[in-house]
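Novice:
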Amino acid sequence: MFNPKHFRITDQEEILAFLQRYNFGELISLVDGQLTATHLPFMADDEGRALYCHLARANPQWRSLQEQRVLITLRGPHDYISPTWYRNPGVPTWNYQVLHVYGHCRVFDDPAEVSQLVDRLAAIHEAGSQRPWQPDYPDSMLKAIVGVEIEIDELQCKYKLSQNRPAADHLPVVEQLERRGAGELAAAMRRLLDLESG
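The working numbering runs 87 ahead of the 1-based position in the sequence shown.
#1: Just the C-alpha distance for residue 212 and residue 91, rounded to the nearest angstrom, thanks.
#2: Can you tell me the Cα-Cα spacing of residue 232 and residue 208, whole angstroms?
#3: Take residue 201 and list the residues in its own chain whose beta-carbon comes closer than 8 Å to its own, dropping the five residues that flank it on each side.
#4: So, does the stretch 214-225 touch the stretch 108-119, judging by three or more C-beta pairs under 8 Å?
#5: Return the CA-CA distance between residue 190 and residue 174, expressed in angstroms with no decimal places.
#6: DSSP three-state call for residue 235: helix, strand or coil?
#7: Determine which residues share a DSSP beta bridge with residue 128 and list them.
#8: From the beta carbon of residue 127, is the nearest beta carbon of chain C less than 8 Å away?
#9: Considering just the uninterrupted stretch of the alpha helix (DSSP H) at residue 196, what are its terminal residues?
#10: Taking only runs that begin and end inside the stretch 128-167, name each unbroken beta strand (DSSP E) of 3 or more residues, in chain order.
#11: Determine the extent of the alpha helix (DSSP H) in which residue 227 is found, giving its start and end residues.
#12: Going by the CB atoms, is the gap between residue 114 and residue 125 shorter than 8 Å?
#13: Who are residue 203's beta bridge partners in DSSP?
#14: Buried or exposed for residue 257, please, with buried defined as at least 16 other CB atoms from any protein chain shown within 10 angstroms of its CB.
#15: Tell me the rounded alpha-carbon separation between residue 285 and residue 165.
#16: Taking its Cβ as the centre, do 16 or more other Cβ atoms sit within 10 Å of residue 215, making it buried, or is it exposed?
#17: Does DSSP put residue 278 in a helix, in a strand, or in coil?
#18: Should the stretch 143-163 be called in touch with the stretch 235-248, which here means at least 3 C-beta pairs below 8 Å?
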């Protein structure tokens with residue numbers, strides 16, 4: 088990904104927090120020489136060294152994943168930025184947060200290992216529910232999916248949040264984003280650019 092220095096995020100704690108919060112993305116790999124993407128939720132291990140997901144056994148993508156180096160893209164909040172929001176001249180653009188993860192795959196279909204993966208993914212997404220779902224499914228359902236572990240070998244994180252603009256333009260952009268309901272992106276800008284709330 089094109090990632091100029093002023094947009095590049097290298098802090099590992101920040102990247103891991105992003106990965107855990109925005110964990111729905113695309114698994115991109117080659118299948119018979121053709122780029123293929125599957126949209127999936129991912130789960131990171133505690134150290135951010137591996138990602139886990141599962142695919143339907145009917146999805147042919149999994150058959151070519153073993154030991155293949157793949158790309159996973161994860162996107163955070165994003166929105167259009169109008170040049171009318173700047174105090175200084177500018178052009179239309181888009182602010183966003185994105186993480187690209189590269190790594191090699193291990194495919195597994197052992198029912199116990201697949202069950203553990205599904206249980207952990209469910210626990211993450213059921214957290215905070217008043218009545219969390221308790222996994223209970225027959226082996227036939229587990230046989231319909233395969234697990235994938237991606238051993239991470241490269242992370243590219245980019246927060247394009249107006250860092251390339253003069254400081255006088257930052258707060259007006261944040262305020263306009265808040266007005267149009269893009270509060271999550273505005274909050275990310277406030278945090279990154281150390282802007283105080285008005």
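Cβ atoms here follow ideal geometry from the backbone N, Cα and C, with glycine treated the same way.
The structure presented is a predicted model; accordingly, all values stated were derived computationally and were not measured.
Specialist: Let's see:
#1: Stepping through the sequence shown from its first residue, residue 212 is reached at position 125. Stepping through the sequence shown from its first residue, residue 91 is reached at position 4. Each residue's Cα considered, the two are about 34 Å apart.
#2: The count along the sequence shown starts at 1 and reaches residue 232 at position 145. The count along the sequence shown starts at 1 and reaches residue 208 at position 121. Looking at the two C-alpha atoms, the distance is approximately 14 Å.
#3: Position 114 of the sequence shown, counted from the start, is the residue given in the question as residue 201. Taken in chain order, the residues that qualify are 141, 195, 229, 232, 233, 234.
#4: As far as the Cβ criterion goes, the stretch 214-225 does not touch the stretch 108-119, which means the pair count is below three.
#5: In the sequence shown, counting from the first residue as 1, residue 190 sits at position 103. In the sequence shown, counting from the first residue as 1, residue 174 sits at position 87. For residue 190 and residue 174, the distance between alpha carbons rounds to 42 Å.
#6: Position 148 of the sequence shown, counting from 1, holds the residue named residue 235. Here residue 235 sits in strand by DSSP.
#7: Walking along the sequence shown from the start, residue 128 turns up at place 41. Bridge partners of residue 128: 111.
#8: Any reference to chain C falls outside this structure, which holds one protein chain only.
#9: For the purposes of this step, residue 196 is taken as the residue at position 109 of the sequence shown. From DSSP, residue 196 is part of no alpha helix (DSSP H); its letter is neither H nor E.
#10: 137-143
#11: Reading the sequence shown from its first residue, position 140 is the one you call residue 227. 226-229 is the extent of the alpha helix (DSSP H) around residue 227.
#12: Position 38 of the sequence shown, counting from 1, holds the residue named residue 125. Position 27 of the sequence shown, counting from 1, holds the residue named residue 114. Yes.
#13: Indexing the sequence shown from 1 puts residue 203 at position 116. The partner list for residue 203 (beta bridge, DSSP) is empty, contrary to what the question assumes.
#14: Numbered from its first residue, the sequence shown carries residue 257 at position 170. Per the 10 Å Cβ criterion, buried.
#15: Working through the sequence shown from its first residue, we reach residue 285 at position 198. Working through the sequence shown from its first residue, we reach residue 165 at position 78. Low confidence applies here, because residue 285 scores a pLDDT of 42, under 50, leaving its location unreliable; read the following figure in that light. Rounded to whole angstroms, residue 285 to residue 165 spans 22 Å at the Cα level.
#16: On the sequence shown, position 128 is the one that residue 215 refers to. Exposed, since its Cβ has fewer than 16 Cβ neighbours within 10 Å.
#17: On the sequence shown, position 191 is the one that residue 278 refers to. Three-state result, residue 278: helix.
#18: yes
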